[in-house]
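Trainee:
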Amino acid sequence: MNFRILLFSTAAMVLAAESPRPVLGVDPAYMNRAAAPCADFYAFANGSYDKVAIPGAYAAYGVNQEIDDRNWAILRDILESSAKETRSPKGSVIQRIGDFYASGMDEPTIEKAGTTPLSEAISRINGVKKPAGIASLLAWMHSHGVGGGFAFFVAADDKDSTTEIARLYQGGLGLPEREYYFRTDDASKLLREKYVVHIARIFELAGEQPVSAKIAAGKVMALETRLAEASKRLVDLRDPVANYHKLKRAEIASLAMGFNWPEYFNGIALPGAQTELLVGQPEFLKAFAKLTLKVSLEDWKAYFRWNLLNATASELNHAIEEQNFAFYGATLSGRKEMLPRWKRVLQATDTAIGEDLGQLYVKHAFSPAAKARALEMVKFHKEAMRLSIQNSPWMSEETKKAAYKKLDTMGAKVGYPDTWRDYSKLEIQRQPYVLNVLAARAFEFQRRMAKLGKPVDRAEWGMTPQTNNAYYNPSLNEMAFPAGILQPPFFDEKADDAVNYGALASTIGHELTHGFDDQGRQYDEKGNLKDWWASSDVSAFKERADLVVKQYDGYEPLPGLHVNGAQSLGENIADVGGLKISYIAYKLASKNKTLKSVDGLTPDQRFFVAFAQGWRTNVRTESLRLQVTSDVHCPIRFRVLGPVTDLPEFHEAFDCKDGGKLPDAAAKSVW
34 MNFRILLFST AAMVLAAESP RPVLGVDPAY MNRAAAPCAD FYAFANGSYD
84 KVAIPGAYAA YGVNQEIDDR NWAILRDILE SSAKETRSPK GSVIQRIGDF
134 YASGMDEPTI EKAGTTPLSE AISRINGVKK PAGIASLLAW MHSHGVGGGF
184 AFFVAADDKD STTEIARLYQ GGLGLPEREY YFRTDDASKL LREKYVVHIA
234 RIFELAGEQP VSAKIAAGKV MALETRLAEA SKRLVDLRDP VANYHKLKRA
284 EIASLAMGFN WPEYFNGIAL PGAQTELLVG QPEFLKAFAK LTLKVSLEDW
334 KAYFRWNLLN ATASELNHAI EEQNFAFYGA TLSGRKEMLP RWKRVLQATD
384 TAIGEDLGQL YVKHAFSPAA KARALEMVKF HKEAMRLSIQ NSPWMSEETK
434 KAAYKKLDTM GAKVGYPDTW RDYSKLEIQR QPYVLNVLAA RAFEFQRRMA
484 KLGKPVDRAE WGMTPQTNNA YYNPSLNEMA FPAGILQPPF FDEKADDAVN
534 YGALASTIGH ELTHGFDDQG RQYDEKGNLK DWWASSDVSA FKERADLVVK
584 QYDGYEPLPG LHVNGAQSLG ENIADVGGLK ISYIAYKLAS KNKTLKSVDG
634 LTPDQRFFVA FAQGWRTNVR TESLRLQVTS DVHCPIRFRV LGPVTDLPEF
684 HEAFDCKDGG KLPDAAAKSV W
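With the numbering used here applied, the sequence shown has no gaps in its numbers, which climb one by one up to 704 at the end.
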């Protein structure tokens, strides 16, 4: 399938309407060769792209959105053709994705229904007669994919990676993270005021009177603030040991008195054999339980109504969806308009029944040859990591042996699952859209609950095949690279090594390094949270990690707003180490090959430009601020500048003499 793509020159943006050219891993049109690569490599590689306007529906626009748009064009064709197949057998892949998509695109039915499909749920909330009833209500909400109070989920036990275990975690906030409730600057105060106005407006649109809606919104904000007070900061959540507490049910009930835990566990149908749960933040549960008694029942009802409406706003009538966008899309992220409806419904379909959709996607977008090439690249990256470990003078031989073992057993999933997820028990039909969404969430909750008491399914994927992303799972000690991200310009089975290895440094190299970052290094080769390092090596690692923190603390994306180096440490280690590992892998892969200079760039220079162009993105100020304050990833520009600054091979490739002094973080790099 041919797609129209946007091509950019140093002078202007032009639409290649007649003869779209291939998507290039290194595209000279995006570069600004007047910029000094040693002073600002992002500007050198992407300077001309900076002129590209961000479409109104986006908080940021760049290479990832370009890939998404091409992937979504394939998916839209699949969904629209499936929606027309009204005679497909009930329970078939085509029927499920066709009916789900059709219900989301049926705007007249959605408008007519309004919040009526939620009437039963709202009655359930309003019908709670005493604080003890909060437990059964919350169990119903959680089992239908609606948040509130705290988080419950099922995942592998960090200290026994063969076993699935039920987990309790802090949660229940409507703002991005706890600090949004406490910052004292004027902008933060104004944002909180807007949040309360937003909640009130949602209540009004759901049928409440303006005065009562305003009062209820204030109660929600007050309750969320008290939950935030008990919550840990993002930096503190990064310590897996400090957030691991295996407690018996009776211990949880004793710790967090005031909440009817047996009723909650019964409501979610937690099997009796599950006598222990993992509690991430015991003090949060304790505070939450006390609040169920201290805060009035009417306040809690307002809070739960808000959580229900907030969780389903995107599937309700236009006025509610638009108000939801006005706060979360426009105020928080700076977006000017919503994505087209078909894109919004496509994303919801992907979330609900993504592997149904993925079965059809991979037939169009990922060949066996592409999978073989990607697997070969993974192999060279693992060889490169072995060399990096071997050449680390700060590591003892004892710890190196354990690191090799972890590396050798690290798995890699590429493209798509060998066995597709079974959605046969999920009933999707042409009914109000929100009911299909809630049905899918309830199905997913039960699917995960069914894992309890069974061995961890190591073949399962944590992302759908069409996802433009990748991950490292420490509990499984594995990387996963969906077909959706293995697309040009990140990956092209026909591109040369300089381009492919450079562009995938932020993917293969990055995810591999996550296995040895400040969090990943605490898990052994079996995926268990276990101290396998010699104490002297731990000290040496932390010394180097502290230098990375210091380096990134110095970056200032907006005046007065600095990157939080501790909050983003794991991602920064993976960025810096990932580029180094990918460079070594590129050299191993091209050892017996002759690579040519192209467009005045040597092979090594093309490697680094491909890496930088793989990050080309223009970001709205609001979105940039949101990322710095609530994300563990640092802003795009510094995901280029930090790694290249720390790599001697980059300085050699561009003959950096002036201003090319390596920082302390590079002199004592982690990997």
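We treat Cβ as the ideally placed atom computed from N, Cα and C, and that holds for glycine. This one's a predicted model, so the numbers in the text were calculated from it and none came from an experiment.
In chain order, which beta strand (DSSP E) runs of at least 3 residues are fully inside the stretch 407 to 461?
Mentor: Taking only runs of at least 3 residues, the beta strand (DSSP E) segments lying wholly in the stretch 407 to 461 are 444 to 448.
Trainee: So for Gln356, helix, strand or coil by DSSP?
Mentor: It is helical.
Trainee: Hey, out of Pro295, Gly560, Arg658 and Phe183, whose CA is closest to Asp193's CA?
Mentor: Selected option, being the one with the closest Cα: Gly560.
Trainee: In three-state terms, what does DSSP make of Cys689?
Mentor: Coil, per DSSP.
Trainee: Taking only three categories from DSSP, how would you classify Lys279?
Mentor: Of the three classes helix, strand and coil, the one that applies to Lys279 here is strand, per DSSP.
Trainee: Looking at Asp608: is its Cβ nearer than 8 Å to the Cβ of Gly675?
Mentor: Their beta carbons are under 8 Å apart, which means Asp608 touches Gly675 by this criterion.
Trainee: Kindly list the residues whose CB is nearer than 6 Å to the CB of Trp565, restricted to its own chain and excluding five residues on each side of it in sequence; keep chain order.
Mentor: The residues are Ala435 and Asp557.
Trainee: Using only CA atoms, which one of Glu99, Phe298 and Ala261 lies nearest to Ser169?
Mentor: Checked all of Glu99, Phe298 and Ala261; the closest Cα to Ser169 is Phe298.
Trainee: Starting from the N-terminal side, write out each stretch of the beta strand (DSSP E) that is 3 residues or longer and does not extend beyond the stretch 600 to 675.
Mentor: Listed in chain order, the complete beta strand (DSSP E) runs (minimum 3 residues) inside the stretch 600 to 675 are 650 to 652.
Trainee: Does Gln203 come out as helix, strand or coil in the three-state DSSP assignment?
Mentor: In this structure, Gln203 counts as strand in the three-state DSSP scheme.
Trainee: With DSSP run on the structure shown, which of helix, strand or coil describes Met174?
Mentor: Three-state DSSP puts Met174 in a helix.
Trainee: What's the call for Lys396, buried or exposed, on a 16-neighbour Cβ count within 10 Å?
Mentor: Classification for Lys396: exposed.
Trainee: Which term fits Pro304, buried or exposed, when burial requires 16 or more other beta carbons within 10 angstroms of its beta carbon?
Mentor: Classification of Pro304: exposed, given that the 10 Å Cβ count is below 16.
Trainee: Can you list, in chain order, the residues of its chain with a C-beta nearer than 7 Å to that of Thr195? Leave out the 5 residues immediately preceding and following it.
Mentor: Closer than 7 Å at the Cβ level, and outside the excluded window around Thr195, lie Pro488 and Val489.
Trainee: Which parts of the stretch 525 to 595 are runs of the alpha helix (DSSP H), unbroken and 4 residues or longer, counting only runs that do not cross its ends?
Mentor: Here the runs fully enclosed are 530 to 536, 541 to 547 and 568 to 586.
Trainee: According to DSSP, simplified to helix, strand and coil, what is Tyr91?
Mentor: Of the three classes helix, strand and coil, the one that applies to Tyr91 here is coil, per DSSP.
Trainee: Over what stretch of residues does the alpha helix (DSSP H) that includes Asp110 continue unbroken?
Mentor: Residues Val96 to Lys117.
Trainee: Can you grab the Cα-Cα spacing for the pair Arg672 / Ala78, in whole Å?
Mentor: Taking the straight line joining both Cα atoms gives about 13 Å.
Trainee: Rounded to whole angstroms, what is the Cα-Cα separation between His177 and Phe215?
Mentor: Those two C-alpha atoms are separated by around 31 Å.
Trainee: Given this structure, state the Cα-to-Cα distance separating Ala45 from Asp102, to the nearest angstrom.
Mentor: Since pLDDT at Ala45 reaches only 30, below the 50 mark, its modelled position is unreliable, and no value is offered.
Trainee: Is it true that the CB of Gly444 sits closer than 8 Å to the CB of Glu511?
Mentor: Cβ atoms of Glu511 and Gly444: closer than 8 Å.
Trainee: Please give me, in chain order, every unbroken run of the beta strand (DSSP E) with length at least 3 that falls completely inside the stretch 259 to 323.
Mentor: Qualifying beta strand (DSSP E) stretches, in chain order: 279 to 281 and 309 to 312.
Trainee: With DSSP collapsed to three states, give me the class of Ser125.
Mentor: Coil, per DSSP.
Trainee: Quick one: Cα of Ala346 to Cα of Leu223, how far?
Mentor: Approximately 23 Å between the Cα atoms of the pair.
Trainee: Should the stretch 272 to 287 be regarded as contacting the stretch 304 to 323, the criterion being three or more beta carbon pairs within less than 8 Å?
Mentor: Touching, per the Cβ criterion.
Trainee: Measure the alpha-carbon distance for Tyr213 versus Arg577 and round it to whole angstroms.
Mentor: So the alpha carbons of these two residues sit roughly 31 Å apart.
Trainee: Kindly indicate which residue of Tyr94, Ile100, Ser572 and Phe478 has the alpha-carbon position closest to the one of Lys458.
Mentor: The shortest Cα separation from Lys458 among Tyr94, Ile100, Ser572 and Phe478 belongs to Phe478.
Trainee: Hey, how far is the Cα of Val253 from the Cα of Ala154?
Mentor: For Val253 and Ala154, the distance between alpha carbons rounds to 18 Å.
Trainee: Using the Cα positions of Leu208 and Ala250, report the straight-line distance between them to the nearest angstrom.
Mentor: Each residue's Cα considered, the two are about 14 Å apart.
Trainee: As a quick exercise: from Pro590, Ser245, Gly598 and Pro592, pick the residue whose alpha carbon is nearest that of Val582.
Mentor: Taking only the C-alpha atoms, the option nearest Val582 is Gly598.
Trainee: Please go through the same chain and pick out, in chain order, the residues whose beta-carbon is closer than 6 Å to the beta-carbon of Thr43, but skip the five residues on each side of it.
Mentor: Residue placement at Thr43 is poorly supported in this model, since its pLDDT is 28, which falls under 50; the coordinates still yield a value, given next. Only Ser81 meet the Cβ criterion.
Trainee: What residues are listed by DSSP as bridge partners for Pro515?
Mentor: Bridge partners of Pro515: Gly448.
Trainee: Starting from the Cα of Cys71, find the closest Cα among Phe358, Ser656, Phe641 and Gly647 and give me that residue.
Mentor: With distances taken between Cα atoms, Cys71 lies closest to Phe641.
Trainee: Just verifying my parser: in three-state terms, what is the DSSP assignment at Ser156?
Mentor: Helix.
Trainee: Determine the closest residue to Gln552 out of Ser623, Leu602, Asp664 and Val126, with distance taken between C-alpha atoms.
Mentor: Closest by alpha carbon: Leu602.
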